[in-house]
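Trainee: If you number the sequence shown the way my numbering does, the last residue is 247 and the count never jumps. For each residue, glycine too, the CB sits at the ideal point set by N, CA and C. Everything numeric in this text was worked out from a predicted model, so none of it was measured. Pasting a structure here, questions to come.
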Amino acid sequence: MTQNDLTHIDFTQLETPDFHRFTSTPSTHKPRILLLYGSLRERSFSRLVIEECARILAHFGADVKIFNPEGLPQTDSGDDQHPKVVELRELMMWSEGQVWCSPERHGSMTSIFKSQIDWVPLSIGSVRPTQGKTLAVMQVCGGSQSFNVVNQLRILGRWMRMFTIANQSSVAKAFLEFDDNDRMKPSAYYNRIVDVMEELMKFTLLLRDNTEYLVDRYSERVESAEQLSQRVNQSSI
Numbered sequence: 011m012t013q014n015d016l017t018h019i020d021f022t023q024l025e026t027p028d029f030h031r032f033t034s035t036p037s038t039h040k041p042r043i044l045l046l047y048g049s050l051r052e053r054s055f056s057r058l059v060i061e062e063c064a065r066i067l068a069h070f071g072a073d074v075k076i077f078n079p080e081g082l083p084q085t086d087s088g089d090d091q092h093p094k095v096v097e098l099r100e101l102m103m104w105s106e107g108q109v110w111c112s113p114e115r116h117g118s119m120t121s122i123f124k125s126q127i128d129w130v131p132l133s134i135g136s137v138r139p140t141q142g143k144t145l146a147v148m149q150v151c152g153g154s155q156s157f158n159v160v161n162q163l164r165i166l167g168r169w170m171r172m173f174t175i176a177n178q179s180s181v182a183k184a185f186l187e188f189d190d191n192d193r194m195k196p197s198a199y200y201n202r203i204v205d206v207m208e209e210l211m212k213f214t215l216l217l218r219d220n221t222e223y224l225v226d227r228y229s230e231r232v233e234s235a236e237q238l239s240q241r242v243n244q245s246s247i
């Protein structure tokens, strides 16, 4: 096949993927993991699951931060300088990986959880706060096991241009899975959460130093070249 067979390609912007472009000097700082939950209840099971995740990740050597959604204003209120919005966006940019856990309410994620994601645009200036970061999705159910929320969170993670890991967790009848000290009881559900955190750490360590290369796109290189050409031509008029 020759270049003549690819008549619509801008060969000045086409790059053949190359294994040697991946970094060979991994970062040494702790992986930065942000954890989000989707309930404001005093005894929130999505928060309790997230706290268990944070303990496991800290044991694996991660730097973990949990965002508390209490006080976050409604989206489209125009108040993007609200302290909770600023905090959330800063944490999004700080993170290298994330864990999302929402209760299932009326067959879907809660508005509390969705509001957090809705406050984070795909780009803030020239920075894309979620693109290329790893993501683990989880849910808690009040009744029998469901996968509605984790399936929705996967779609949401893809929309936010994140690398969502294959494993996931759905905890059925979550109110039965915690003791009086709000610690999760030993169970297959708990073991699955350990699996998910282990996988998230592995993929975060693998991908975090190569995000720039992995998300570099031909279409955006072409667009940037065209914009640059227009600016140069305008300045020469």
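Does the stretch 209-225 come close enough to the stretch 180-189 that 3 or more CB-CB pairs lie under 8 Å?
Mentor: Verdict: no, contact absent.
Trainee: Roughly how many angstroms lie between the CA atoms of Glu62 and Thr120, to the nearest whole one?
Mentor: 20 Å
Trainee: Have a look at the DSSP bridge pairing and note the partners of Arg42.
Mentor: BP columns for Arg42 point to Asp73.
Trainee: Have a look at the DSSP bridge pairing and note the partners of Leu145.
Mentor: Gln108, Thr174
Trainee: Does any CB atom of chain D fall closer than 8 Å to the CB of Leu166?
Mentor: Looking for chain D here will not work: only one protein chain is present.
Trainee: Looking only at DSSP bridge pairs, what is Ile134 linked to?
Mentor: Note: Ile134 sits in a beta bridge opposite Val137.
Trainee: Around the Cβ of Ile247, are there at least 16 other Cβ atoms within 10 angstroms (buried) or fewer (exposed)?
Mentor: Per-residue confidence for Ile247 stands at a pLDDT of 45, beneath the threshold of 50, marking its modelled position as unreliable; the derived number appears in the next sentence. Under this definition Ile247 is an exposed residue.
Trainee: Bridge partners for Arg250 per DSSP, in chain order?
Mentor: Summary: the structure shown does not reach residue 250, with the chain confined to residues 11 through 247, and so no result is reported for it.
Trainee: Starting from Val160 and walking both ways along the alpha helix (DSSP H), at which residues does that stretch end?
Mentor: 158-169
Trainee: State the DSSP-derived secondary structure class of Ser246, mapped to helix, strand or coil.
Mentor: Bear in mind that the predicted position of Ser246 carries a pLDDT of just 47, short of 50, making it unreliable; the figure below should be weighed with that in mind. Note: Ser246 maps to coil in three-state DSSP.
Trainee: Confirm, please, whether the CB-CB distance from Ser180 to Gln162 is below 8 Å.
Mentor: no
Trainee: Val204 lies in the alpha helix (DSSP H); which residues open and close that run?
Mentor: 198-217
Trainee: Leaving aside the five residues before and after Ile60 along the sequence, list all residues of the same chain whose C-beta is less than 7 Å from its C-beta, in chain order.
Mentor: Leu45, Tyr47, Ile76, Val109, Cys111
Trainee: In the structure shown, what three-state DSSP assignment does Val59 receive?
Mentor: Val59 sits in a helix when the DSSP states are folded into three classes.
Trainee: Express the C-alpha separation of Arg99 and Trp129 in angstroms, rounding to a whole number.
Mentor: 8 Å
Trainee: May I have the straight-line CA-CA distance separating Ser142 from Asp28, to the nearest angstrom?
Mentor: For the sequence presented, residue 142 should be read as Gly rather than Ser. Cα to Cα, Gly142 sits roughly 18 Å from Asp28.
Trainee: On the three-state DSSP scale, how would you describe Ser229?
Mentor: helix
Trainee: State yes or no: is the C-beta of Ile43 within less than 8 Å of the C-beta of Val204?
Mentor: no
Trainee: Report yes if the C-beta distance between Val232 and Asp20 is below 8 Å; otherwise report no.
Mentor: yes
Trainee: How do the stretch 210-218 and the stretch 79-96 stand: do at least 3 beta-carbon pairs fall below 8 Å, yes or no?
Mentor: no
Trainee: Quick check on Ser49: buried or exposed, where buried means 16 or more other Cβ atoms within 10 Å of its Cβ?
Mentor: Burial call: buried.
Trainee: Shortest alpha-carbon distance to Arg53 belongs to which of Arg227, Arg193, Asp226, Leu215?
Mentor: Arg193
Trainee: Rounded to whole angstroms, what is the Cα-Cα separation between Val74 and Ala146?
Mentor: 14 Å
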